[in-house]
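Numbering that gives the first Met the number 0 applies: residue 0 is where the sequence shown begins, and numbers increase by one.
Have a look at the structure below, then the notes.
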Amino acid sequence: MKPWYRWFFTAAGLSLLPSALAGAAPLTVRDDRGVEVVLAAPARRIVTLAPNLAELAYAAGAGERLVGVSTASDYPPQVKDLPQLGYGRFDMERLVQLKPDLVLAWESGNSALEVALLARLGIPLYVAEARRPEDIPRHIEAIGRLAGSAAPAQRSAMEFRRTLAELTARYAHASPLTVFLEIWHQPLMTVTDRHLIGGMVRLCGGTNPFGSLAPLLPTLALESVLAADPQVIVTSLPSNAPWQRYPAMQAVRSGNVKTINPDYLQRATPRTLEGVRQLCELLDEARR
């Protein structure tokens, strides 16, 4: 066993001792793996392995308990002052040295091997995967429970659900439009209906011509998008110029190639509501 592994198990055991002796009721939530996450006491040292998870921690009232974040974390602005542990591949030794009593991981965005290693080390893990906007407030509440900040977490979750319900009611009877969602251009990538963005499109009355494909983030041939000829193209990229080469496409011909800030689309956070709002408004404009 490596020295830092030995150090972690010793430190973890000592840190849990006071809580165990106090006999406090454990905090329990179920994550998106279906695993019960159990803490003897509220987490005081939290590490997040994706930008959206840091943002969720702040929404849950647990931002002050963050001790490490992924390199791409940039919102809220204060997360940029925290130790950064990499992105894709994490500095595992540095992570362990931060003595986390809870790690928040992203099921489809983090390496399964790294998540498994953290589990083997005995570090409590909450693994999240929001597939629909409705999942976001559930994650806020779960993080708040684990961090001992249930009250602010419930307030954030309640506000999210209220706004989401208003948007859902507003667009419940919108006429359908075919929407192509461009996540990346080279290679050309989109999302399916099982992805969070797919749920956003459905809420706004859109249909995804590639929604039933098996991968969560399929790579496409340009010819398949040209053949689908969507009525609207929504891109996360800074420019829609590449699509202007195809003036025969419905979306290009009608001026319905639109850009939305990727943070609003791709990060499952309270700001997803702004993404839903902008997406629904874009589709409403295309219907006129």
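Just so you know, even glycine gets a beta-carbon here, dropped at the ideal spot from N, CA and C.
Computed from a predicted model, the values in this text were never measured in an experiment.
In this structure, the beta-carbon distance from Ile139 to Ala150 does not fall below 9 Å. According to DSSP, residue pairing for Lys257 in a beta bridge involves Val233. Exclusion of the five residues before and after Thr167 leaves Leu202 as the residues of its chain whose Cβ lies within less than 8 Å of its Cβ. According to the DSSP assignment, Arg32 belongs to no beta strand (DSSP E), since it is labelled neither H nor E.
Here Met157 is exposed: its Cβ has fewer than 16 other Cβ atoms, across all protein chains shown, within 10 Å. Spatial neighbours of Gln277 in its own chain (CB-CB distance under 7 Å, excluding positions within 5 residues in sequence) are listed in chain order as Ile259, Tyr263. Note on Glu181: 16 or more other CB atoms within 10 angstroms of its CB, so buried under the neighbour-count rule. DSSP places Thr189 in no alpha helix (DSSP H); its state is neither H nor E.
In this structure, Ala250 lies near Val256, with their beta-carbon atoms less than 9 Å apart.
Note on geometry: alpha-carbon atoms of Tyr125 and Tyr245 lie some 45 Å from one another.
For Phe209, there is no enclosing alpha helix (DSSP H), as DSSP gives it neither H nor E. Here Val37 is exposed: its Cβ has fewer than 16 other Cβ atoms, across all protein chains shown, within 10 Å. DSSP assignment within the stretch 114-154 yields the following whole beta strand (DSSP E) runs of 3 residues or more, N-terminal first: 124-127.
Here the stretch 235-245 makes no contact with the stretch 208-216; the two share fewer than three CB pairs at distances below 8 Å. Where Gly67 is concerned, the enclosing beta strand (DSSP E) starts and stops at 65-67. Apart from the 5 residues on each side of it in sequence, Gly62 sits with its Cβ closer than 6 Å to the Cβ of Ala56 in its chain, given in chain order. Burial check for Thr27: the Cβ neighbour count within 10 Å stays below 16, so the residue is exposed. Taken through DSSP and simplified to helix, strand or coil, Gly85 comes out as strand. For Leu180, the enclosing beta strand (DSSP E) covers residues 176-181. Around the CB of Pro186, fewer than 16 other CB atoms lie within 10 Å, so the residue is classed as exposed.
Rounded to the nearest whole angstrom, the C-alpha separation of Gly87 and His172 is 41 Å.
Taking 9 Å as the cut-off, the beta carbon of Gln265 is found closer than this to the beta carbon of Leu195. In this chain, the alpha helix (DSSP H) harbouring Thr271 covers 271-286.
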